[in-house]
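Protein sequences appear in the order of chains H and F. Under full-length UniProt numbering, the first residue of the first sequence is numbered 1, with each subsequent residue one higher. Under full-length UniProt numbering, the first residue of the second sequence is numbered 1, with each subsequent residue one higher. Heads up, the beta-carbon is just placed ideally off N, CA and C, and yes, glycines get one too. Working notes, beginning with the structure itself.
Protein chains: 2
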Amino acid sequence: MPAATAHLIPLPVEETAPTTRERIVEVAARSFREIGYQKTTVADIARTLKMSPANVYRFFDSKKAINEAVVERVTGEIEGMIAAIADTPKLDAPERLARVITALHTDCRRRWEAHPRVHEMVEAAMSESWSVCQAHVDRIEAVFRRMIEDGVREGSLTVADPKAAAACLHAAIVRYCHPLLVSRQHGTALPPLPTMIAFLLGALGVSGR
Amino acid sequence: MPAATAHLIPLPVEETAPTTRERIVEVAARSFREIGYQKTTVADIARTLKMSPANVYRFFDSKKAINEAVVERVTGEIEGMIAAIADTPKLDAPERLARVITALHTDCRRRWEAHPRVHEMVEAAMSESWSVCQAHVDRIEAVFRRMIEDGVREGSLTVADPKAAAACLHAAIVRYCHPLLVSRQHGTALPPLPTMIAFLLGALGVSGR
């Protein structure tokens, strides 16, 4: 078939691998969020998609594998969001760090607070698919490290080991950005995020912001 | 009865209110740790103690109230431990802070890692009895604040608002000291605690330790 006319022949959408895969992930994500990871079965996902469980298993060999794809999609969105902020022109490194941390917190609240059952999916990923979580942590810390290195170069930060500082910074904000903790914070005990950010920027050699 | 001879007459131990209360808390603590909060009933606790559920209810009006007493006992032990470290003579504030944080982390690992079911008890306290958790957080932060104020006085720390800094410091170590997170850390992602402590002491105006 000539390439110039190939696009005129509609593809059978149901049978196109990437699209079916995406639809499975989409339906699974919604079910994990609303019904919960524990109560969702592969058969439920297949039924919603009006396909056989065997067809779902052509794309994913287990519910765990589906969850990994769901988590990868979510973490990919988060990483894309913070990379865009980290690349904002004309802002110094402390300001970009503050904006990235604020965005992680806001996104986490928006994404998880409304759906308590999403905890199950996160817990499952943490216990069964740690490498997916670890890869996300590594990519977030790479973005932090890049901003810290920029700050050292531009003279706005004083940090001896940017890689270690990025890891410490990330560990220090877990109370504000971890799906298992954000929805439980009850607001009472936690310092306001701007206070916390100023404290942590102090650890990076910035003072009096 | 003359006070001088009262101690010679043995009290009926089973009927002494504080002791029975303590035994209920002891048995409940063990059951929550080993069987889990969800699966433990007040009837189970009574059966272990060879008493009627009604007798348990004379001391605690619900399983939730028993859990609060268990959590208060545990948090009291932790607070006693760190208060003793915070009062160690001849150590400067940064060193005492480092030792308190290390002790909180070590205690948390020792106490929770071996008993995965203890999560249920912690989750129940966090969702049903937040004031008990909050009181613990407040007391830990009061100890941090006292050490930070000592450090400012002795010139080893530079902190404008010790109360806020204590709250930030506590929030920043949650990854190392929270029962819901410590047992899940898998070791891979987290900076070593001494690195994290040095980072956080930097936020308190200490450098190059």
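Query raised in the report: Just how far apart, CA to CA, sit A85 of chain F and V100 of chain F?
Result: The sequence shown places Ile at residue 85 of chain F, rather than the Ala named in the question. Rounded to the nearest angstrom, the two C-alpha atoms are 6 Å apart.
Query raised in the report: Residues in its own chain within less than 7 Å of A203 of chain H by CB, not counting five upstream and five downstream?
Result: none
Query raised in the report: What residues in the stretch 168-184 of chain F bring their beta carbon closer than 9 Å to a beta carbon of chain H?
Result: C168, L169, H170, A171, A172, I173, V174, R175, Y176, H178, L180, L181 and R184
Query raised in the report: Does the distance from the C-beta atom of V25 of chain F to that of V70 of chain F stay below 8 Å?
Result: yes
Query raised in the report: Should L97 of chain F be flagged as near chain H, meaning a C-beta pair shorter than 8 Å?
Result: no
**Report entry** Chain-ordered neighbours of P191 of chain F on chain H, where CB pairs are closer than 8 Å
**Finding:** A164, A167, C168 and A171
Query raised in the report: If you draw a straight line from the C-alpha of G36 of chain F to the C-alpha of H119 of chain H, how long is it?
Result: So the alpha carbons of these two residues sit roughly 19 Å apart.
Requested in this report: List the residues of chain H that M196 of chain F touches, going by C-beta distances under 8 Å, in chain order.
Outcome: The contacting residues are C168, A171 and A172.
Requested in this report: Could you name the residues of the stretch 49-64 of chain F whose beta carbon sits closer than 9 Å to any beta carbon of chain H, in the order they occur along the chain?
Outcome: none
Query raised in the report: When burial is assigned at 16 or more other CB atoms within 10 Å of the CB, is residue 248 of chain H buried or exposed?
Result: Outside the shown range of chain H, which is 1 to 209, sits residue 248 of chain H, and nothing can be said about it.
Query - C-alpha distance - G80 of chain H paired with C133 of chain H, whole-angstrom precision - result: 16 Å
Report task. For my contact list, C168 of chain H and P94 of chain F are in at a C-beta cut-off of 8 Å; report their separation, rounded to the angstrom. Result -> Rounded, the Cβ-Cβ distance is 16 Å, inconsistent with contact.
Query raised in the report: Among F:A103, F:C108 and F:A142, which one has its Cα closest to the Cα of P194 of chain F?
Result: Cα-wise, what sits closest to P194 of chain F is F:A103.
Query - Environment of E77 of chain H [buried if 16+ CB atoms lie within 10 Å] - result: E77 of chain H comes out exposed.
Query raised in the report: With burial defined as no fewer than 16 other Cβ atoms inside 10 Å of the residue's Cβ, what is the status of A164 of chain F: buried or exposed?
Result: buried
Query raised in the report: Shortest alpha-carbon distance to C177 of chain H belongs to which of H:S131, H:E149, H:S156 and H:R111?
Result: H:R111
Query raised in the report: Does the Cβ of S156 of chain F have 16 or more other Cβ atoms within 10 Å, making it buried, or fewer, making it exposed?
Result: buried
Query raised in the report: Can you give the Cα-Cα distance for S19 of chain H and A28 of chain F, rounded to whole angstroms?
Result: Looking at the sequence shown, residue 19 of chain H is not Ser but Thr. A direct Cα-Cα distance of roughly 52 Å separates T19 of chain H from A28 of chain F.
Query - Under 8 Å between C-beta atoms of R109 of chain F and M147 of chain F - result: no
Report task. For G151 of chain H, decide whether its Cβ has a neighbour in chain F, counting only Cβ atoms nearer than 8 Å. Result -> no
Query - Neighbour flag for A203 of chain H against chain C, beta carbons, 8 Å - result: No chain C is present in this structure, whose protein chains are H and F.
Report task. Compare the C-beta of V100 of chain H against all C-beta atoms of chain F and say whether one is closer than 8 Å. Result -> no
Query raised in the report: If you count every other CB in all the chains shown that lies within 10 Å of the CB of A171 of chain F, and 16 or more means buried, which is it?
Result: Counting Cβ neighbours within 10 Å, A171 of chain F comes out buried, since at least 16 surround it.
Query raised in the report: What's the call for A6 of chain F, buried or exposed, on a 16-neighbour Cβ count within 10 Å?
Result: Note that A6 of chain F scores a pLDDT of 47, beneath 50, so its modelled location is shaky; the value from the coordinates is reported in the next line. So A6 of chain F ends up on the exposed side.
Query raised in the report: Are V174 of chain F and V174 of chain H close, meaning C-beta to C-beta below 8 Å?
Result: yes
Query raised in the report: Apart from the five residues just before and just after A43 of chain H, which ones in its own chain have a Cβ nearer than 8 Å to its Cβ?
Result: P53
Report task. Give the interface partners of residue 218 of chain F over in chain H, defined as CB-CB distance under 8 Å, in chain order. Result -> The question about residue 218 of chain F has no answer here: the residues shown for chain F are numbered 1 through 209.
Query raised in the report: Just reading off the alpha helix (DSSP H) that G137 of chain H is part of, what are its end residues?
Result: One detail in the question is off: residue 137 of chain H reads as Val in this sequence, not Gly. V137 of chain H -> alpha helix (DSSP H) spans W130 to E154.
**Report entry** Residue nearest to L181 of chain F in terms of C-alpha spacing, selected from H:S131, H:K39, H:M126 and H:A166
**Finding:** Closest option to L181 of chain F, Cα to Cα, is H:M126.
Query raised in the report: Within this structure, are the beta carbons of A83 of chain F and V143 of chain F separated by less than 8 Å?
Result: yes
Query - R58 of chain F, enclosing alpha helix (DSSP H) - first and last residue - result: P53 to F59
Query - Presumed contact (8 Å Cβ cut-off) between K64 of chain H and S129 of chain H, rounded CB distance - result: 6 Å
Requested in this report: Run the CB neighbour count on E154 of chain H, radius 10 Å, all protein chains shown included, and call it buried at 16 or more, exposed below.
Outcome: exposed
**Report entry** A135 of chain F versus T75 of chain F: straight-line alpha-carbon distance, rounded
**Finding:** 9 Å
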